[in-house]
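So for the sequence shown, the working numbering puts the first residue at 532; every next one is plus one.
Structure first, commentary second.
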Amino acid sequence: TERTLILVKPDGVARGLVGEVVSRLEAKGLRLVAAELRTLPRETAEQHYAEHAEKPFFGSLVDFITGGPLLALVAEGPRAIEAFRALAGATDPVKAAPGTIRGDFALEVQNNIVHGSDSPESAQREIGLFFPAL
Ligand code: ATP
532 TERTLILVKP DGVARGLVGE VVSRLEAKGL RLVAAELRTL PRETAEQHYA
582 EHAEKPFFGS LVDFITGGPL LALVAEGPRA IEAFRALAGA TDPVKAAPGT
632 IRGDFALEVQ NNIVHGSDSP ESAQREIGLF FPAL
């Protein structure tokens, strides 16, 4: 079994898509092990997105992710990381397949509803950042 960090980003929370996202991941068979609604301090957002620090969209991305409450989740199951990324769809929601969360609910690359860890290393780092007690 494997754990992954999932975020329902502030756009997803504001649009009332928390139930939709949780329902899809539970239906898939992933099991929730932690969940918390919170508004991120800039410092946590900058750490979470450290790999994008030099990108032109970094400032905007940090404004977006700190701009309202998000739902942080840890889910577990066999190949949970890959399983959730398949549910989420491609980063660019216009390219994401219909039937995926981004493909069904989003139109802009920044405001793409969800985040899911992309590797076991990033899952470990991100779970430590959001839920240090786990
Ligand atoms: P996440 O890490 O949130 O699951 P991802 O791994 O699919 O997304 P990354 O390339 O790591 O995508 O980008 C992280 C986040 O930064 C994206 O989910 C999106 O919100 C934002 N982002 C990525 N590219 C752009 C861009 N060109 N312009 C604006 N925002 C972007």
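Quick reminder that beta carbons are idealized off the backbone N, C-alpha and C, glycines included.
It should be emphasised that the depicted structure is a prediction, and the values quoted were computed from it without experimental measurement.
Of all the options 566, 580, 542, which has the alpha carbon lying nearest to the alpha carbon of residue 653?
As a working mapping, residue 653 is identified with position 122 in the sequence shown. Among 566, 580, 542, the Cα nearest to that of residue 653 belongs to 580.
Taking the alpha carbon of residue 631 as the reference point, which residue from 541, 616, 640, 641 has its own alpha carbon closest?
Reading the sequence shown from its first residue, position 100 is the one you call residue 631. Taking only the C-alpha atoms, the option nearest residue 631 is 616.
Here's the rule I'm using: 16 or more other beta-carbon atoms within 10 Å means buried, otherwise exposed. How should residue 648 be labelled?
The residue given as residue 648 occupies position 117 in the sequence shown. The residue is buried, with at least 16 neighbouring Cβ atoms inside 10 Å.
On the three-state DSSP scale, how would you describe residue 570?
As a first step, residue 570 is located in the sequence shown; it is residue number 39 there, counting from the start. Of the three classes helix, strand and coil, the one that applies to residue 570 here is coil, per DSSP.
Run the proximity test for residue 613: is its beta-carbon closer than 8 Å to any non-hydrogen atom belonging to the ligand ATP?
The count along the sequence shown starts at 1 and reaches residue 613 at position 82. Not under cutoff, so the answer is no.
When the distance is taken between beta carbons, is residue 564 closer than 9 Å to residue 660?
Indexing the sequence shown from 1 puts residue 660 at position 129. Indexing the sequence shown from 1 puts residue 564 at position 33. Cβ distance not < 9 Å, so residue 660 and residue 564 don't count as in contact.
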